[in-house]
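Colleague: Would you mind keeping the following structure in view while I ask a few things?
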Amino acid sequence: MKYTQLGRTGLKVSRLVLGTMNFGPQTNEADSHAIMDAALDAGLNFFDTANVYGWGENKGRTESIIGNWFAKGGDRRDKVVLATKVYGNMAPDGDAWPNHDKLSALNIRRAVDASLKRLQTDYIDLYQFHHVDRNTPFEEIWQAIDVLVQQGKILYVGSSNFPGYKIAQANEIAARRGGTIGLVSEQCLYNLAERRAEMEVIPAAQEYGLGVIPWSPLHGGLLGGVIKKEVQGGRRASGRAADTLANPTARAQIQAYEDLLEKHGVEPGETALAWLLTRPGVTGPIVGPRTAEQLESALRAVELELSDEVLAGLDEIFPGPGPSPEAFAW
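The working numbering applies: residue 768 is where the sequence shown begins, and numbers increase by one.
Put into structure tokens, the structure is as follows:
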């Protein structure tokens, strides 16, 4: 496994991030524990979750599965850089209650303690704001975070799904207040098929020293060889991937992608991950395996070196917006 610093911090994290969103809804607890053991054995030390994972009536279930795994001992907790998130309402769907969501000081305090209990740990390495809260000023948010850092409950803070201007606003206010280093990471939607983050989010993250953690690196399975699997009678596309393939132009684009990689003898899913690892500012993409086999495939991406010809071909098929601000200003 290869490692890098998380943004401007001294924290060393693996170039792949283990996403746990499937733990509970799609992968049972025993298999989830086996995947986490395999990840740790492979040197993958960066685990990502969120308090709402488990969804619906089972919100918090994923954190509980991770907590039960930590409780097995064997230095599991000490070896893991643990990231979770706050924002969503933890009440059962349709039973929301005021002040039980978003980023008020009250909810942050409540949510941290609940996550710590489910995770069976006394600290969280990276506490992430899952979304922007337009109704809570950053002065209030940072005051709440300062208390939690002083209490030893969290070490670092990151954002998720933030636009570039909010990254700047958050860190400028943190700098004016003093006492906190501000955001150290941004978790955003970023992959070959979705490169809008290159316009503002990634430049802002680089300017302020945030590590970029892309989520949905295979774009809902679209970049994982979906057409080839379909032809071979395997798992058919669903959700976002199916909707995209229903568009003839988009389908032709994905077909060109798969044809390029077949020509060069590389696997689509591994290539999509390896491409992200070449991008400036990227700490590591989040992989969300449902099975041990999917984890093994993702791990191979860390060692995959893409040729200049493949990289040029990918840019031709999935052109990015270009450098900012030239892409939209000139």
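Glycine included, every Cβ here is placed at the ideal spot set by N, Cα and C.
Looking at the structure shown, is F896 part of a helix, part of a strand, or coil, going by DSSP?
Modeller: Of the three classes helix, strand and coil, the one that applies to F896 here is strand, per DSSP.
Colleague: DSSP three-state label for K933, please.
Modeller: helix
Colleague: Count the other C-beta atoms from every protein chain shown that fall within 10 angstroms of the C-beta of F1095, then say buried if there are 16 or more, exposed otherwise.
Modeller: exposed
Colleague: Between which residues of its own chain and S799 is the CB-CB distance below 6 Å, once the five residues before and five after are set aside?
Modeller: Cβ within range, chain order: F790, I832.
Colleague: Could you spell out where the beta strand (DSSP E) holding I875 opens and where it closes?
Modeller: Not the beta strand (DSSP E): I875 falls in the alpha helix (DSSP H), residues 872–886.
Colleague: When burial is assigned at 16 or more other CB atoms within 10 Å of the CB, is E1076 buried or exposed?
Modeller: exposed
Colleague: Roughly how many whole angstroms lie between the Cα atoms of S1091 and G786?
Modeller: 30 Å
Colleague: Quick one: what does DSSP say Y854 is sitting in, helix, strand or coil?
Modeller: coil
Colleague: DSSP puts K846 in a beta bridge; with which residues?
Modeller: For K846, which the question treats as bridged, DSSP gives no partner whatsoever.
Colleague: Express the C-alpha separation of G949 and W864 in angstroms, rounding to a whole number.
Modeller: For W864 and G949, the gap between their C-alpha atoms comes out near 29 Å.
Colleague: With DSSP as the reference, identify every bridge partner of Q772, one or two as the case may be.
Modeller: Paired residues: K779.
Colleague: Tell me the residue span of the alpha helix (DSSP H) that contains E997.
Modeller: 993–998
Colleague: For the stretch 1043–1055 against the stretch 958–972, are there 3 or more C-beta pairs whose distance is under 8 Å?
Modeller: Yes, since at least three Cβ pairs between the stretch 1043–1055 and the stretch 958–972 fall closer than 8 Å, the two stretches touch.
Colleague: State the Cα-Cα distance for the pair T829 and G976, rounded to the nearest angstrom.
Modeller: Near 30 Å, if we compare the C-alpha coordinates of G976 and T829.
Colleague: Start and end of the alpha helix (DSSP H) containing W836?
Modeller: 828–837
Colleague: First and last residue of the alpha helix (DSSP H) that includes D808?
Modeller: 796–808
Colleague: Nearest-angstrom Cα distance between M788 and G919?
Modeller: 26 Å
Colleague: If distances are taken between C-alpha atoms only, which option among V853, P1035, L985 comes closest to A878?
Modeller: V853
Colleague: Between I940 and V784, how many whole angstroms is the CB-CB distance? I'm expecting something under 8 Å.
Modeller: That belief does not hold up - the Cβ atoms of I940 and V784 are roughly 27 Å apart, past 8 Å.
Colleague: DSSP on P717, reduced to helix/strand/coil?
Modeller: Outside the shown range of the chain, which is 768 to 1097, sits residue 717, and nothing can be said about it.
Colleague: Strictly by DSSP, which residues pair up with L1043?
Modeller: BP columns for L1043 are empty, so no partner.
Colleague: Rounded to whole angstroms, what is the Cα-Cα separation between F813 and S882?
Modeller: 17 Å
Colleague: So what does E961 bridge to, in DSSP terms?
Modeller: N958
Colleague: Going straight from the alpha carbon of K995 to that of Y1024, what length do you get?
Modeller: 11 Å
Colleague: Check W982 in the structure and name its three-state DSSP category.
Modeller: strand
Colleague: For S1005, which residues from the same chain have a beta carbon less than 8 Å from its beta carbon, with the 5 sequence-adjacent residues on both sides left out?
Modeller: G988
Colleague: Would you say P859 and E965 are within 8 Å of each other, going by their C-beta atoms?
Modeller: no
Colleague: Could you check where the beta strand (DSSP E) with G925 kicks off and where it finishes?
Modeller: 921–927
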